[in-house]
Amino acid sequence: MVLTENGSLIFRLRGVLEFSCQLDSSNETQGQSAICKSFQALRSRVSSESLVFTLCNSSVLLWPNKGLQSTAEHLTEGTPCRDIQQYREAEDGGSKKSKRKDKRDAGPSVVNLKLLWEVTESGESRALSLCRVAKQQHSARMPLCVDCVFSASGQDSLGSVCSGLVGALCGQLSDMEEVVLKYRKGSSLLLPQPFHFQLPESSGLVTVIYPAGVPDSQLLTVREELHGKYGLPSDRPYFRRANAFHFPDEAYKDGYLRNPHTRLTAPNVEEAKVSVVRGVYSYHHYMQDRVDDNGWGCAYRSLQTICSWFQQQGYTDRAVPTHTEIQQALVDVGDKEPRFVGSRQWIGSIEVQAVLNQLLGVTSKILFVSRGSELASKGRELANHFETVGTPIMIGGGVLAHTILGVAWSESSGDIRFLILDPHYTGGEDLQIITEKGWCGWKGPEFWDQNAYYNLCLPQTPKTI
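In UniProt numbering, the protein residues as written are 1 to 465.
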């Protein structure tokens, strides 16, 4: 579970357990029994006094099954769990501490723990006993990468947190056992992998075990059962791997910024309701990916931002398309001539609509305004889109394209502000510059060319889980 209220913490425990068993290829029942016994042995080991947690970025060790013994004198079973953070921060140094504070402001605070084992030598000498079994067996071994989370308020005792993590670890091993048995084919076992998901209107995480190597397309029945269990609608994905929760203390490996708009303050518009994009997207703009598209690629970049939204919400496994792939898609649908590929020609909202349909199977609505001054009157349509669909909107007018991420609109006065993500930015991935200089920011109706026409592409979400 993850609680995001002020003062709450995510305790995350990770480690590797070695699974091994002897499978009799000629006896299905005995093979299943061997797997179950091996998992039971792992659960027994997790419940033993040799289990050790180490606090990452510190020298603190905790023995959760020994009445919470600790190498830190002041950490006892009854210590408020928030006190453990001072040991981590004291050893990180000033600059890292400051960076972590920024991350806490953007999401829940994460306390990372690593799973270890205490190794001791027995004082007794015992003779070894050997047994030779004369039958063919298959030896199965695989590393189980466990990943458990437990939420707590800062006042909860450290003892209760550690006990909760031990319980979560045992529960995860049971879920892994179920997956291994379900997808077993003779002596072939699939590696079980944990994923954490945050459901809508919930402060907690749900952990699901999926078999490695089995694509999401073959796990539809599993997701249907999960949707039913948690009372979720069947019109959008919540449990695909792409929907997995991203911990706020982990960087994205691809280098793109996510959701820069979350760092902005809502505009001061009297009686306005703020409606914004729902979910996660990547910010794509000029000069990224070693492509010099300054002056012609703004609509391509807006389209890439939209595609990243569909990818990160689990609607597609397809990577964000390159400029060349976008151009080729327009050639494939007959919208452009073959010589268009490799050119520096602009595209607009109609082309964005065609590419989304060609590459992702996504349909879009087109909203047309003959003058930019009319956009101020479109608050109801835009607010309804973000409330019911939630996708980024591409808007093109004249030679410029932008991405609309939300609106603040007053139904009584008609006053409106637009949340704009500007693809014309040419700098590095500096969140402070992007938000403070207005490359992602709230804009008034005067932002638009009052006399230019505009087409808005409003992507729709497929009904799928």
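Beta carbons: idealized from backbone N, C-alpha and C, even for Gly.
### Query
For glutamate 264, which three-state DSSP category applies?
Numbered from its first residue, the sequence shown carries residue 264 at position 264. Checking the displayed sequence, the identity of residue 264 turns out to be leucine instead of glutamate. Looking at leucine 264 - three-state DSSP - the assignment turns out to be coil, as it is neither helix nor strand.
### Task
Would you check if there are 3 or more beta carbon pairs closer than 8 Å linking the region 320-333 to the region 403-417?
no
### Task
Would you be able to state if there are at least three C-beta pairs under 8 Å between the region 343-360 and the region 421-439?
no
#### Entry: 7 Å Cβ shell around glycine 398 - same chain, five flanking residues per side excluded
One-based indexing of the sequence shown puts residue 398 at position 398. Hits under 7 Å: Asp449 and Ala452.
### Task
Go through the region 17-58 residue by residue and report every complete run of the alpha helix (DSSP H) that reaches 4 residues or more, in order.
28-46
### Query
How big is the Cα-Cα spacing for alanine 83 and glutamine 69?
For this step, residue 83 is matched to residue 83 along the sequence shown. For this step, residue 69 is matched to residue 69 along the sequence shown. With the sequence shown as reference, residue 83 is identified as aspartate, and alanine is not the correct amino acid for it. Roughly 15 Å separates the two Cα atoms.
### Message
Using 8 Å for Cβ pairs, my map puts threonine 363 next to glutamine 432. What's the rounded Cβ distance?
### Response
Numbered from 1 along the sequence shown, position 363 holds the residue referred to as residue 363. Numbered from 1 along the sequence shown, position 432 holds the residue referred to as residue 432. 37 Å between Cβ atoms; not a contact.
### Task
Determine the contact status of phenylalanine 197 and alanine 168, defining contact as a CB-CB distance below 7 Å.
Along the sequence shown, read from residue 1 onward, the residue named residue 197 stands at position 197. Along the sequence shown, read from residue 1 onward, the residue named residue 168 stands at position 168. Their beta carbons are not under 7 Å apart, which means phenylalanine 197 does not touch alanine 168 by this criterion.
### Task
May I have a chain-ordered list of the alpha helix (DSSP H) segments no shorter than 4 residues that lie completely inside the region 302-345?
323-332
### Query
Is the region 169-179 close to the region 28-39, with three or more CB pairs under 8 Å?
yes
### Task
Return the residue from the list Gln312, Ala140, Leu116 and Thr76 that minimises the CA-CA distance to phenylalanine 19.
As a first step, residue 19 must be located in the sequence shown, where it is residue number 19. Among Gln312, Ala140, Leu116 and Thr76, the Cα nearest to that of phenylalanine 19 is on Ala140.
### Message
Using CA atoms only, rank isn't needed, just tell me which of His385, Glu446, Tyr87 and Leu9 is closest to glutamine 155.
### Response
Translated into positions along the sequence shown, residue 155 becomes position 155. Comparing Cα positions, the closest option is Leu9.
#### Entry: Rounded straight-line distance, which links the Cα of aspartate 422 to that of isoleucine 395
Residue mapping note: residue 395 aligns to position 395 of the sequence shown, counting from 1. Residue mapping note: residue 422 aligns to position 422 of the sequence shown, counting from 1. C-alpha separation (whole angstroms): 11 Å.
### Query
When DSSP builds the beta bridges, which residues end up paired with threonine 391?
Taking the sequence shown and counting its residues from 1, one reaches residue 391 at position 391. Paired residues: none, contrary to the question.
### Query
Among residues of its own chain, excluding the 5 on either side of valine 46, which ones have a beta-carbon nearer than 6 Å to its beta-carbon?
Start at 1 with the first residue of the sequence shown, and residue 46 comes out as number 46. Answer for valine 46: Leu169 and Cys170, listed in chain order.
### Task
Answer yes or no: the CB of phenylalanine 53 versus the heavy atoms of the ligand NAD, is any distance below 6 Å?
Among the components of this structure there are no ligands whatsoever, and the ligand NAD is therefore not found.
### Query
From the DSSP output, which residues share a beta bridge with tryptophan 448?
Counted from its first residue, the sequence shown places residue 448 at position 448. None; tryptophan 448 has no bridge partner.
### Message
Less than 8 Å between C-beta atoms, sequence neighbours within five positions excluded: which residues of the same chain meet that for tyrosine 256?
### Response
Within the sequence shown, numbered from 1, the residue matching residue 256 stands at position 256. These residues qualify, in order along the chain: Ser282, Tyr283, His284, Gln288, Ser308 and Glu429.
### Separation of aspartate 235 from threonine 388, as counted between CA atoms
Numbered from its first residue, the sequence shown carries residue 388 at position 388. Numbered from its first residue, the sequence shown carries residue 235 at position 235. If you take the alpha carbons of threonine 388 and aspartate 235, they lie about 12 Å apart.
### Query
If you draw a straight line from the C-alpha of lysine 96 to the C-alpha of leucine 55, how long is it?
Along the sequence shown, one-based indexing puts residue 96 at 96. Along the sequence shown, one-based indexing puts residue 55 at 55. Legend: pLDDT at lysine 96 = 41, less than 50; position of this residue unreliable, no value from coordinates given.
#### Entry: Proximity to valine 291 [Cα-Cα], best of Gly228, Ala72, Ser58 and Pro321
Within the sequence shown, numbered from 1, the residue matching residue 291 stands at position 291. Comparing Cα-Cα distances from valine 291 to each of Gly228, Ala72, Ser58 and Pro321, the minimum goes to Pro321.
### Task
Please confirm whether valine 369 and isoleucine 326 have their CB atoms less than 7 Å apart.
Here residue 369 refers to the residue found at position 369 of the sequence shown. Here residue 326 refers to the residue found at position 326 of the sequence shown. No.
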